[in-house]
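Input: a single structure, listed below in structure tokens.
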Amino acid sequence: MYDYSILSNRIILCVDLRSFYASVSCIKMGLDPMYTKLAVVGDVNRNGS
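In structure tokens form, the structure reads like this:
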């Protein structure tokens, strides 16, 4: 069993950057990301992207 007491006590924040950047893009376009239907697309020229 691992002894977690030897680790430093710190706060770690994990952010889903795809959702973050999609929300920022909505806000920059004047849209509310909570009510706007949006999709994260890697390449618009590829089917299924």
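Note that the sequence shown covers residues 3 to 51 in our numbering.
Where is the CB? At the ideal position from N, CA and C, for every residue including glycine.
Note that the coordinates shown come from a computational prediction; the quantities given were computed from them, not determined experimentally.
Non-local C-beta neighbours of D34 in its own chain, meaning closer than 6 Å and more than five positions away in sequence, are absent. R20 is positioned such that its CB atom lies closer than 7 Å to that of V42.
Here C28 really is in contact with L40; their C-beta atoms are around 6 Å apart, less than 8 Å. The three-state secondary structure of A24, taken from DSSP, is helix.
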